[in-house]
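Following the UniProt record's numbering, the numbering of the sequence shown begins with 1 at its first residue and continues without gaps.
Heads up, the beta-carbon is just placed ideally off N, CA and C, and yes, glycines get one too.
Values in this document were obtained by computation on a predicted structure and should not be read as measured data.
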Amino acid sequence: MSATATAPRPVEPGAPPPVIEESGMSRWVPALGVIAVWIVVYSFTKGENTLALPGREHTELHQTLTDFNNRLLASRDTNPVMQVTNSISAVLRDVFDWLQRMLARPNLPRPVPEIGWLGVVAIATWIGYAIASWRIALLILVSFLSFGVFGYWQESIDLLIVTGMAVGITIIIGMPLAVLSATSTTANRVITVVLDFMQTMPTFVYLVPVVLFFGIGVGGAVVATLIYAVPPLVRIASFGIREVPATTIEATDSAGQTYGQRLFKVQIPMARKTIIVGLNQTTLAALSMATIASYINGPGLGKPVLNALVANDFGGSFVPGVLIVVMAVMLDRTTTAASERSEKVARGGGGNLRVRRIVLAVSGVVALVAVYLSRLELSLAEFPEYTIGATVSDAADSAMSSFVDLVGGFAGGFKDAISYGFLNPMQSLLAESPWWVSGLGILALAFVFGGLRAFVTTTICLAGVWYLDLWHDAMLTLTMVLVGTVLVMVLALVLGVWMARDRRIDLGIRPLLDAGQTIPPFVYLIPVLALFGPSRFTAIVAGVVYAAPAAIKLVADGVKGVSPTTIEAGRSTGQTTWQEITKVQLPMAKGSLVLATNQGLLYVLSMVVIGGLVGAGALGYDVVLGISRSEEWGKGAAAGLTIVLLGVMLDRITRAAADVRRDDGPGPRRAFNVRLPIGPPK
C-alpha cells in the first residue's frame, strides 16, 4: 500500500520555530458532522432494511453461484479448463508424493523413506553453510532436530515440501514477470494493478476459487500458496532491476551488448541482493499460506494446529504452532544471510575462499556419508519417538489454564469494556442502520478523508457489496476491522513514539517486532483463543497482535525521520515534551501515520477473516462454510468477493487520504511508496 510522507524543511539557526499546519485536523470537523447526522437518522430508522440474512439463508445470486460450481465439477472430465487444472493438480500431487517418499514417509515396500532423517538433516545443514555461514548451518541443524524431537517430523517436512514447491514455481513464474515489469512501462502498469489486487485480498479468500479448480489436498494447497507468494517476488525483484543506475545501462549499451547480455550480465547481478530480499518475502508468504491451506487438507503442521483450534485445545496447538514459528525464523534468517553473503562476495569479500572450499568439500562428504547411513540403519532413517512433545503440550496447557485463571477477570473486563463501550455501538450504527444510510455515511466519510478519487472507488465497491447480497455481514466485518485498527493505532502511537524518542527502547522492542512479523497469522489465534474463547473479540485481538508490529515500526520510523533542527527550534521556545510530540513530531510524520493506518486496516481484515474459524462470524464464517460445504459454495464465493471489495475500499480511502495529506505541512515534499504483502511481512 502506498502513502506519501512530508520531508521537513530544515530550520535556519535563529529562525522562528516552525508552525505546523493543522489542516489534517480540519477533515475531522466535517467527518464528525457526517457521523452526527448518521446517528440522528439511525435513531429513527434502526433495524429497518438492514439486508440481514438469517442463519444459513441464501439468495438467488448465491444459488446461481453454487449451481455454477456444481456444473463445473460435473464437467471436470469434459471441460477444457477443468481438465487443465485437474492435470496440474495431479502433477503437483505426484511431485509431492515422490518428494514425501524420498524424505518423510515409507517408500513401500521399503518401510522407511529413501533418505532417512539423518541424511535430511545433514543435507539441510550443509546447504545452510554453502549459501550462508556456519551460524545459519547451526540454526538449521537445531531447527530440523526440533521437528523430530517434538514429534512432528513428517508434518514439518511435508510443510517444507509444499513451501519449497510453491517457491520454486514462483521463481519460474515470478522472475520473468519481474524482468518484464522492470523493462516495460506498459507491462509494469498492468502487472502493478494485478499485484495490488492480489495483495489486497486476504489470505483465506484465496482458498475459495482454488478449491473449485484444483480441489482439496496437495494440489490446491500448492496452487494457493504459489499464487499468494508471487507478488512479493515480482514487486521487489522488478524494483531492484529498475534501480540499476542509468549510467551503468548506458555504458553497457555503448559497449554493444544485446538486451540479453545487459540483463544477465549487468542488471540481474547488480540487483542480486534485492532479488534475494524478494525471495525472503516470497518464502515467508509461502510458508504462511501453506499453513493456512491446511483448511483444504493441505499437508503439514497446519493440520494439528487447525484440529486443536477447532477443539479449543491450547496444548495441542502449542507445539506445532511453535514449530511453525521455528521454521519461519529458520527460513527468514537463512534467506537474509544468503542475501548478505551474496553482497559480500560481489564486493570481493566473504572470507578465505580456499578454506571455505575445503570446509564445503569435507562437510559435503560427511553429508553424503550421513545419507548413506540413513539408508542402512533403521534408527537413522525413522526419527526416534520422544515424549517431550506431549510433556511440553501438557505443561503449556497447564500454564495457559493458570494464566487464564490469573488474568481472566482483567481480560473479561477489557473484553466487556471494548465490546460495550466501542464495538457494540459501532456495530449497531453500521449494521443496524438501513443499508442506504450506512452506504451514504461511508461514502460521505470517504469523500471527506480521501476526496473524489476515494469517493468513486468506494461507490463502486459498495455497489458490489450490495449486489452480492451480504451487506449486513459486510458491515459486521467492517466493524471488527475498524475497532481492531483503532486499537492497533493506539499501540502504534504509544510504542512508536516511545521508540523514536528513546534509542534504548527502540533497540529493545524492534527485534520483537521483527520476530512478530515473521510469525504466520494462523499462529496468532492460538493464545488469543485460549484467553478469550471463540468469539468475534478473539479475531479482533488476534488481528491487533498481527497488525501491530508493522504499524508500530512505520510510526517509529516516521517520527524518527522528523528533522532534529525542527525539534530543537521548538524546544528553544520552551515546548513541553507533550507539546513537542503533538505539535511537531506527529503532525510532521502524518504520512507515516496514514501508511500505518492503511497497513493496520488490511492486516486486521486478513485476520478477522481467518477468525471465522474461531467464532468471529460474519464474512469469515461465510467463507469457511463455503469451503467446507459444497451446497454453500455460492455464499462463500460471494463472501470472498465482498471481502476483496472491502479491502480495496479501505486501501484506496487510506491511500487517497495519504495523497491528500501530501500538500499539508511546511517545506519541500518527498513521496515514498511501500508495498507490503498480507501475510508474514518483513
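- Give the straight-line distance between the Cα atoms of Tyr206 and Ala224, rounded to the nearest whole angstrom. Tyr206 and Ala224: Cα-Cα distance of roughly 6 Å.
- Item | CA-to-CA distance, Pro534 to Asp313, given in whole angstroms | The straight-line gap from Cα to Cα measures roughly 12 Å.
- Message: Suppose the cutoff is 6 Å on Cβ atoms and the five residues either side in sequence are ignored; what does the same chain contact list for Ser294 look like?
- Response: When the five nearest sequence neighbours on each side are left out, the beta carbons in the same chain lying within less than 6 Å of the beta carbon of Ser294 are those of Gly302, Lys303, Leu306, in order along the chain.
- Assigned secondary structure, Val456 (DSSP; H/G/I helix, E/B strand, else coil): Helix.
- Query: How is the alpha helix (DSSP H) around Gly364 delimited, first residue to last?
  - Reply: Per DSSP, the unbroken alpha helix (DSSP H) holding Gly364 starts and ends at 353-376.
- Query: For the putative contact between Val544 and Val488, defined by C-beta atoms under 8 Å, what is the C-beta separation to the nearest angstrom?
  - Reply: Contact between Val544 and Val488 holds, since their C-beta atoms are separated by about 5 Å, short of 8 Å.
- Out of Thr459, Ala638, Phe213, state which residue places its alpha-carbon closest to the alpha-carbon of Leu445. Scanning Thr459, Ala638, Phe213 for the CA closest to the CA of Leu445 turns up Thr459.
- Message: Give the list of continuous alpha helix (DSSP H) stretches no shorter than 4 residues that lie fully inside the stretch 390-444.
- Response: Taken in chain order, the unbroken stretches of alpha helix (DSSP H) that lie wholly in the stretch 390-444 and span 4 residues or more are 424-431.
- Straight-line Cα distance separating Ala166 from Arg341: Those two C-alpha atoms are separated by around 24 Å.
- Message: Only counting the same chain, and skipping five residues up and downstream in sequence, which positions put a Cβ closer than 7 Å to that of Trp471?
- Response: Around Trp471: Leu51, Trp435, Val465.
- Message: Which complete alpha helix (DSSP H) runs does the stretch 30-74 hold, if anything under 4 residues is left out?
- Response: Whole alpha helix (DSSP H) segments, 4+ residues: 60-74.
- Could you give the DSSP three-state label for Ala616: helix, strand or coil? Coil.
- Message: Pairs of beta-carbons, one from the stretch 138-149 and one from the stretch 366-377, closer than 8 Å: are there three or more?
- Response: No, because fewer than three Cβ pairs between the stretch 138-149 and the stretch 366-377 fall closer than 8 Å, the two stretches do not touch.
- If Gly626 and Val208 are in contact, beta carbons under 8 Å, what's the gap, nearest whole angstrom? The pair is a contact, with the Cβ atoms about 6 Å apart (cut-off 8 Å).
- Cβ-Cβ separation, Arg536 to Ala616 (assumed contact under 8 Å), whole Å: About 5 Å separates the beta carbon of Ala616 from that of Arg536, a gap short enough to meet the 8 Å contact definition.
- Using DSSP with H/G/I as helix, E/B as strand and the rest coil, what is Tyr467? In the structure shown, the three-state DSSP call for Tyr467 is helix.
- Query: Going by the CB atoms, is the gap between Pro520 and Ser606 shorter than 8 Å?
  - Reply: Going by C-beta atoms, Ser606 is not nearer than 8 Å to Pro520.
- Item | Residue environment, Ile172, which counts as buried when at least 16 other CB atoms sit within 10 Å | Residue burial annotation: Ile172 is exposed, with fewer than 16 other C-beta atoms found within 10 angstroms of its C-beta.
- Task: Helix, strand or coil for Pro113, going by three-state DSSP, please let me know.
- Result: Under the three-state reduction of DSSP, Pro113 is assigned to coil, being neither helix nor strand.
- Query: At least one CB of chain B closer than 8 Å to the CB of Phe213: is that the case?
  - Reply: Among the chains of the structure shown, chain B does not appear; only one protein chain is present.
- DSSP state of Met330, grouped into three classes? Residue state, collapsed to three classes: helix.
- In the structure shown, what three-state DSSP assignment does Arg27 receive? The answer is coil: DSSP assigns Arg27 none of H, G, I, E or B.
- Query: Can you name the start and end residues of the alpha helix (DSSP H) that Gln199 belongs to?
  - Reply: Where Gln199 is concerned, the enclosing alpha helix (DSSP H) stretches over 185-200.
- Task: Give the straight-line distance between the Cα atoms of Gly55 and His62, rounded to the nearest whole angstrom.
- Result: Near 14 Å, if we compare the C-alpha coordinates of His62 and Gly55.
- Leu159 to Met426 span [Cα, whole Å]: Leu159 and Met426: Cα-Cα distance of roughly 40 Å.
- Item | Sequence-distant residues of the same chain with beta carbon closer than 6 Å to Gly558, five excluded per side | Within the same chain, Gly558 has close Cβ partners Ala589, Ser592.
- Query: What span of residues does the alpha helix (DSSP H) with Ser89 cover, start to end?
  - Reply: Segment 80-103, the alpha helix (DSSP H) holding Ser89.
- Exposure of Ala463, with buried meaning 16 or more beta-carbon neighbours within 10 Å: Around the beta carbon of Ala463, fewer than 16 other beta carbons lie within 10 angstroms, which makes this residue exposed.
- Query: Exposed or buried, which one is Leu452 when buried takes at least 16 other CB atoms within 10 Å?
  - Reply: Around the beta carbon of Leu452, fewer than 16 other beta carbons lie within 10 angstroms, which makes this residue exposed.
- Below 8 Å between beta carbons: does that hold for Thr479 and Leu525? No, they are not a contact pair.
- Locate the alpha helix (DSSP H) running through Arg504, then write down its first and last residues. Start and end: 503-518.
- Query: Looking only at C-alpha atoms, which of Ile653, Asp651, Val644, Ala657 sits nearest to Pro202?
  - Reply: Looking at Ile653, Asp651, Val644, Ala657, the one whose alpha-carbon comes closest to that of Pro202 is Val644.
- Message: When you compare the CB positions of Phe144 and Val179, do they come within less than 8 Å of one another, or not?
- Response: Using a Cβ distance threshold of 8 Å, Phe144 and Val179 do not count as a contacting pair.
- Environment of Thr538 [buried if 16+ CB atoms lie within 10 Å]: For Thr538, the number of other beta carbons within 10 angstroms of its own is at least 16, and it is reported as buried.
- When DSSP labels each residue in this structure, what does Pro534 get in the three-state scheme? The answer is coil: DSSP assigns Pro534 none of H, G, I, E or B.
- Coil, strand or helix - Arg629 by DSSP: Arg629 falls in the coil class under three-state DSSP.
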